[in-house]
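Numbering that gives the first Met the number 0 puts the first residue of the sequence shown at 0, with every later residue one more than the last. Just so it is clear, CB atoms sit at the ideal spot from N, CA and C, and this is done for glycine as well. Quick caveat: nothing in here was measured; it's all calculated off a predicted structure. First up is the structure itself, then whatever we jot down about it.
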Amino acid sequence: MGQTQEAEPYFKRGLELDPNGYYMVEHQGWHLIQLGDYAGARPWFLRAYDLKFGDNHLALMYLRLIDRRLAASSGKK
């Protein structure tokens, strides 16, 4: 909706209510990607994958995307 910066308190509250829910943890990572913080998003997707191990294709997809972005920004291939 174009108000990414203003969304932070809502994500924090969601994590307070559901700190171990893979879906909420995944969305915190997604929020950080929206802010351009790929390095900050990576641990959230790793945690989301751990919380829903083996059947979390979305977390794996974002982890691949993050790793590509971080490699490109560091000049690695």
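Looking at residue j and residue i, is the spacing between their C-beta atoms short of 8 Å?
i: residue 69; j: residue 47; result: no
Can you give me the Cβ contacts of residue i inside the same chain, cut-off strictly under 7 Å, excluding the 5 residues immediately before and after it?
i: residue 22; result: none
i: residue 24; result: 43, 46, 47 and 50
i: residue 58; result: 25, 44, 47 and 48
Please identify the residue among the options whose C-alpha is closest to the C-alpha of residue i.
i: residue 61; options: 36, 44, 1 and 27; result: 44
i: residue 55; options: 36, 34, 20 and 32; result: 20
Taking the beta carbon of residue i as the centre, do at least 16 other beta carbons fall within 10 Å, making it buried, or is it exposed?
i: residue 67; result: exposed
i: residue 71; result: exposed
i: residue 105; result: The shown model of the chain, from 0 to 76, leaves out residue 105, and the question about it has no answer.
i: residue 41; result: buried
Assuming the contact rule is C-beta atoms closer than 8 Å, residue i and residue j should be a hit. Round their C-beta distance to whole Å, please.
i: residue 14; j: residue 27; result: 6 Å
i: residue 30; j: residue 52; result: With a Cβ gap of about 22 Å, residue 30 and residue 52 do not count as contacting.
Of all Cβ atoms in chain C, is any one closer than 8 Å to the Cβ of residue i?
i: residue 52; result: Of the chains in the structure shown, none is chain C; there is only one protein chain.
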